[in-house]
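Visitor:
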Ligand code: NAP
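Residue numbers (my numbering): 110 to 416.
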């Protein structure tokens, strides 16, 4: 089968780091156009809007949207109006209502929609799910701590209300909501806001999943080594997911889970959804973030500066 012509919208850090190289190696898709206000990937024609792209290149069949969450709704509307299959980066949208609108819009347009969670495609997630399937979980501890200056250099949108440390934190929530059999309920949250910003730089959450306590620490100001770890204590051993669930250990002993990256898996899944005429929109991690803002105690901390 020939590769499906796909466009990328929003040629920022993640588009260049992951989407462009993944599409270059993909047999399912061919990157044929970019919707951007700036520089397109080398050799790819650029358009300011989806409408302009479709007027010039009606052969485009799908679009992968890599812009920040605020403003996605308009792009999704335009993409579906032009009959494109749509994949979006996480977090899915600016608000729950926007994100919830996507399913109906895609169904009405009769197109595939994939609200992706790249961390769910990390190499250790499926092996962890299999290992946990016949065990009883007692406790979960999540430490997701990174340096915003390294991963989002100069990106002011990251400090818009509602984002901040939940931009990486939602990746951990996307993994744990895949692994735990029972619904996660938020019980308590503390959100730490720099005194000069409208979004939290750190958060502690206490959740419960069918009686299993889940303790979460998010930090966006971690210099030096970065920490993306989930520890799951069970009746028969401790499962540790490290490096964003790309590595796995049982009682401290490493388990080989291969080294395939997240994005090839994501695009394979998108291709499969298109082939089967299906949609994949799970908003559970996004709902937990919204609950953290509903319930969270707000604490002011020192101002954030990029340097
Ligand atoms: P970024 O470097 O700031 O790039 C975002 C791009 O979106 C910009 O280059 C711009 O594209 C376009 N854009 C449209 N409206 C914008 C606005 N109001 N403000 C800024 N840019 C706007 O961001 P990113 O790190 O690639 O993140 C994009 C999405 O991917 C986010 O949802 C993020 O959570 C997710 N993500 C990021 C990472 C990471 O490591 N950074 C990892 C995984 C997922 P043009 O220049 O083409 O006009």
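Even glycine gets a Cβ: it sits at the ideal position worked out from N, Cα and C.
Note that the structure is a prediction, hence the values are computed from the model and not measured.
From residue 339 to residue 346, what distance separates their C-alpha atoms?
Guide: Approximately 14 Å, taken between the alpha carbons.
Visitor: Could you have a look at residue 122 and say whether DSSP puts it in helix, strand or coil?
Guide: Looking at residue 122 - three-state DSSP - the assignment turns out to be helix.
Visitor: Can you give me the Cβ contacts of residue 303 inside the same chain, cut-off strictly under 7 Å, excluding the 5 residues immediately before and after it?
Guide: If we look at residue 303 and ignore the five residues flanking it on each side, its Cβ neighbours are 310, 410, 411, 412 and 413.
Visitor: With a cut-off of 8 Å, do at least 3 Cβ pairs link the segment 222-241 to the segment 370-377?
Guide: Segments in contact, yes.
Visitor: Could you tell me if residue 292 is buried or exposed, where buried requires 16 or more neighbouring beta carbons within 10 angstroms of its beta carbon?
Guide: Exposed, since its Cβ has fewer than 16 Cβ neighbours within 10 Å.
Visitor: Could you compute how far the alpha carbon of residue 266 sits from the alpha carbon of residue 115?
Guide: Roughly 26 Å separates the two Cα atoms.
Visitor: At 3 residues or longer, what runs of the beta strand (DSSP E) sit wholly inside the segment 260-313?
Guide: Those beta strand (DSSP E) runs which fall completely within the segment 260-313 and span 3+ residues are 293-303.
Visitor: Using C-beta distances below 7 Å, list every residue in its chain close to residue 331, excluding the 5 sequence neighbours before and after it, in chain order.
Guide: Cβ neighbours of residue 331 beyond the five flanking positions: 254, 255 and 256.
Visitor: Which of the three DSSP states, helix, strand or coil, is assigned to residue 145?
Guide: Residue 145: coil per DSSP, three-state reduction.
Visitor: Using DSSP bridges, identify the partner residues of residue 199.
Guide: Answer is none; residue 199 lacks a bridge partner.
Visitor: Enumerate in chain order the residues of its own chain whose CB-to-CB distance from residue 393 is below 6 Å, with the five nearest sequence positions on each side excluded.
Guide: Cβ within range, chain order: 286.
Visitor: Return the residue from the list 198, 294, 375 and 136 that minimises the CA-CA distance to residue 276.
Guide: Selected option, being the one with the closest Cα: 198.
Visitor: Taking DSSP as the reference, what is the three-state secondary structure of residue 357?
Guide: In this structure, residue 357 counts as strand in the three-state DSSP scheme.
Visitor: My output table needs one value for residue 315: the three-state DSSP class, helix, strand or coil.
Guide: Strand, per DSSP.
Visitor: Quick one: what does DSSP say residue 343 is sitting in, helix, strand or coil?
Guide: The answer is strand: DSSP assigns residue 343 an E or B state.
Visitor: I'd like the list of long-range same chain contacts for residue 268, defined as Cβ closer than 7 Å, with 5 residues on each side in sequence excluded.
Guide: Here the set comprises 306, 307 and 308.
Visitor: Which of the three DSSP states is assigned to residue 390 in this structure?
Guide: Coil.
Visitor: Exposed or buried, which one is residue 259 when buried takes at least 16 other CB atoms within 10 Å?
Guide: So residue 259 counts as exposed.
Visitor: Look up residue 209 in the DSSP assignment and say whether it is helix, strand or coil.
Guide: Residue 209 falls in the helix class under three-state DSSP.
Visitor: Would you report the Cα separation of residue 251 and residue 280, rounded to the nearest angstrom?
Guide: So the two alpha carbons sit approximately 11 Å from each other.
Visitor: Between the C-alpha atoms of residue 445 and residue 328, what's the straight-line distance to the nearest angstrom?
Guide: An answer regarding residue 445 cannot be provided, because it is not within the stretch 110 to 416 covered by the chain.
Visitor: Does the segment 154-171 come into contact with the segment 187-205, if we say contact requires no fewer than three beta-carbon pairs (one atom in each stretch) closer than 8 Å?
Guide: Touching, per the Cβ criterion.
Visitor: Is residue 120 a contact residue of ligand 1, with contact defined as CB to any heavy atom under 7 Å?
Guide: At least one heavy atom of ligand 1 is nearer than 7 Å to the Cβ of residue 120, so yes.
Visitor: How about residue 223 and residue 196: do their beta carbons lie closer than 8 Å?
Guide: Result yes, Cβ atoms of residue 223 and residue 196 sit closer than 8 Å.
Visitor: Considering only residues of the same chain and omitting the five flanking positions on each side of residue 375, which have a CB-CB separation below 7 Å?
Guide: 225, 227 and 230, listed in sequence order.
Visitor: Which value, in whole angstroms, describes the spacing of the CA atoms of residue 342 and residue 284?
Guide: Their Cα atoms are separated by approximately 16 Å.
Visitor: Assuming residue 295 and residue 182 are in contact, meaning their beta carbons sit under 8 Å apart, how far apart are those beta carbons, in whole angstroms?
Guide: 25 Å between Cβ atoms; not a contact.
Visitor: Does the distance from the C-beta atom of residue 158 to that of residue 144 stay below 8 Å?
Guide: Taking 8 Å as the Cβ cut-off, residue 158 and residue 144 qualify as a contacting pair.
Visitor: Can you say whether residue 384 is buried or exposed, counting buried as having 16 or more other CB atoms within 10 angstroms of its CB?
Guide: Exposed, by the Cβ-count rule.
Visitor: Exposed or buried, residue 111, counting other C-beta atoms within 10 Å across all chains shown (16 or more means buried)?
Guide: Looking at its Cβ environment, which holds fewer than 16 other Cβ atoms inside 10 Å, residue 111 is exposed.
Visitor: Leaving out five residues before and five after residue 214 in sequence, what residues of the same chain have Cβ atoms less than 6 Å from its Cβ?
Guide: The residues are 189.
Visitor: Any idea what DSSP makes of residue 231, helix, strand or coil?
Guide: It is coil, neither helix nor strand.
Visitor: From the DSSP output, which residues share a beta bridge with residue 173?
Guide: In DSSP, residue 173 forms a bridge with 117 and 196.
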